[in-house]
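Below is one structure, written out as structure tokens, with a few remarks after it.
In the UniProt record's numbering, the protein residues as written are 1 to 590.
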């Protein structure tokens, strides 16, 4: 079910303290499309589910929006690692997805006489990272944006392996981008590919204007001018992201599911955070710094403001939202409704009704043992960082700061020869003011002038064929059959037998995430709609999500006829006789 299928989401979320029972009245029903998500997690029997509501709504009390994720913890026996991670990042006064524990039931049987929902375990419902006003909140770019000021934001991207249909800027590879960008291409998250013009793409990848090329070149050339870093990044956000990553011991820290954004007339911000199944004792080392193998982050620690604020901010957070007491209180409070859910469960890890459905090999004890292991891991790491945080002031050389360009002698102050911080670190760290966390902008959209507006288009140099492929003859871009240089205005050079501009075989155009521009690439779009032979059917599942403290969700069975994009009703509305005045749910209808 990687392809989206239509669904109805049924919610049972009694805010008045009434028990949330599957046979109770639905408190909300939302039309949506759903699909399985993830890479390695696709092989788990407990799937990760993406939910895209047809209209923005306040699902489970989250602020109104459309995109959500049902995260099914499988290797995390505590069921709380992602829950904890997002709470901690919000504790820095920055946005991180809101979360809530639920239980999920699914109706996915073909037999019309069998409408018994199938229990699939305890899940974590959370907001998907998005750049809408109720989430990160970025200025919207459109085809009327022309000037460098207008094109400066909003942008967002992540570091992750490229997938089929991802849109990835063709940043030029040079000594700076190769070293501090690890030679990898980011995945564009915002805006959607279908709104970008060639001018917008050129702005983002140009060495003169692109936020990433300019940042990497600064780190390569200008470490002896440390105050210039603030022109490129919001140092406070990078410090918070750094401390959060180190405390989490996330094995994917700094290299996967790593998100950044840049709003108009603002520097790059780090965040939000994402994916912590292998964190807090499940992955990384407990007594070493994780950043030291990553050239970009290693370089940042050699800037005096970054080094100073790491120490200052850690002390401040540990005395407030990240204190031992605060962390323990959050975890014990969050575990209580899960404990109640598991109370009547004989084997708490199983997929039996009311059980957790986890496959963690290390989870050999009780659920409380898992909670205690998580608490011990988090507090143990925090206490190690307490004793190690002063070590960020140091003598600088190409071993500590990566071999590139000239370096200051020390990272104590703007004067690179000042070494006073080695003897008196606290006075130096407190001398740098921590920048206030970014507030969402309300910049107005670009307005069209009397001059002609450039049409949005899809660039085959940006459109990924993915890296998860076994055929070694397929290239990452140019529809899998060509190569593209980096930088503005690049064009595909196609393999023999393939024609520019896309290099694609007839009928095999890669659809970008978010779709094609309106009235653009019409011939290519029409080729995607040609049936490959017969009708393709997809079954929409019925998910019931019941919040542990209040909630439920469901998706209906339908058959999608790909050729006409229509749906036919298969079964009667799924309303239990015991549901009282629950509204009829018209599953599988258009």
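Ideal placement from N, C-alpha and C gives every residue a C-beta, glycine not left out. A quick note: this is a predicted structure, and the numbers were derived from the prediction, not measured.
Residue from the options with nearest C-alpha to residue i
i	options	result
residue 175	481, 397, 216, 130	216
residue 280	501, 221, 485, 81	81
residue 488	131, 507, 169	169
residue 283	251, 403, 299	251
residue 223	416, 494, 497, 506	416
residue 548	30, 101, 32	101
residue 500	99, 460, 181, 132	460
residue 20	115, 341, 373	341
residue 129	47, 391, 51, 312	51
residue 183	316, 294, 373	294
residue 346	259, 34, 336, 367	367
residue 187	505, 477, 490, 492	477
residue 271	430, 97, 164	97
residue 99	119, 141, 70	70
residue 75	276, 440, 324	276
residue 234	356, 438, 497, 3	438
residue 323	348, 386, 356	386
residue 165	315, 192, 373	192
residue 131	518, 442, 484, 512	442
residue 256	447, 185, 423, 319	185
residue 440	490, 7, 135	135
Nearest-angstrom Cα separation, counted from residue j out to residue i
i	j	result
residue 326	residue 262	31 Å
residue 592	residue 66	Given a span of 1 to 590 for the chain in the structure shown, any question on residue 592 remains unanswerable.
residue 23	residue 358	25 Å
residue 53	residue 11	13 Å
residue 268	residue 108	44 Å
residue 238	residue 509	38 Å
residue 503	residue 474	11 Å
residue 297	residue 159	14 Å
residue 425	residue 310	12 Å
residue 333	residue 391	34 Å
residue 103	residue 18	16 Å
residue 557	residue 546	Confidence at residue 557 is low in this model, with a pLDDT of 35, below 50, so the placement of that residue should be treated as unreliable; the coordinate-derived value is given next. One C-alpha to the other measures close to 19 Å.
residue 9	residue 68	12 Å
residue 285	residue 389	16 Å
residue 56	residue 64	5 Å
residue 449	residue 207	28 Å
residue 38	residue 464	17 Å
residue 154	residue 190	7 Å
residue 5	residue 106	14 Å
residue 118	residue 354	12 Å
residue 181	residue 300	13 Å
residue 497	residue 505	9 Å
residue 409	residue 225	12 Å
residue 116	residue 433	59 Å
residue 422	residue 315	18 Å
residue 292	residue 229	20 Å
residue 591	residue 141	Residue 591 cannot be examined here, being either before or after the span of the chain that is shown, 1 to 590.
residue 452	residue 445	17 Å
Beta-carbon proximity list for residue i, same chain, < 8 Å, skipping 5 on both sides
i	result
residue 454	143, 197, 198, 199
residue 148	203, 209
residue 436	236
residue 399	none
residue 244	85, 88, 89, 92, 273
residue 201	169, 459, 462, 488
residue 205	169, 170, 171, 172, 213, 486, 487, 488
residue 247	88, 322, 378, 381, 382, 385
residue 630	Outside the displayed range of the chain (1 to 590) lies residue 630, so it cannot be described from this structure.
Contact belief for residue i with residue j at Cβ below 8 Å, rounded distance in angstroms
i	j	result
residue 290	residue 254	7 Å
residue 494	residue 507	Actually they are not in contact, since the Cβ atoms of residue 494 and residue 507 sit about 16 Å apart, beyond 8 Å.
residue 145	residue 151	5 Å
residue 599	residue 249	Past the boundaries of the shown model lies residue 599; the chain is included only from 1 to 590, so the question cannot be answered.
residue 194	residue 515	5 Å
residue 278	residue 467	Contact doesn't hold; Cβ gap of about 20 Å is too wide.
residue 384	residue 287	6 Å
residue 72	residue 47	6 Å
residue 356	residue 121	6 Å
Own chain, CB closer than 6 Å to residue i, minus 5 neighbours either side, in chain order
i	result
residue 16	none
residue 407	223, 396, 401
residue 220	176, 404, 405
residue 211	262, 268
residue 232	215, 218, 267
residue 28	11
residue 429	308, 311, 312
Close-in-space but distant-in-sequence residues of the same chain around residue i (CB under 7 Å, 5 per side omitted)
i	result
residue 411	302, 303, 304, 307, 393, 394, 396
Inset, instruction - State whether the segment 125 to 144 contacts the segment 57 to 71, with contact taken as three or more CB pairs (one from each stretch) at a distance under 8 Å. - result: By the Cβ criterion, the segment 125 to 144 is in contact with the segment 57 to 71, since at least three pairs of Cβ atoms, one from each stretch, lie closer than 8 Å.
Inset, instruction - Taking 8 Å as the threshold, find out whether the segment 320 to 334 comes into contact with the segment 367 to 385 through three or more Cβ pairs. - result: Judged by Cβ distances under 8 Å, the segment 320 to 334 makes contact with the segment 367 to 385, as three or more pairs qualify.
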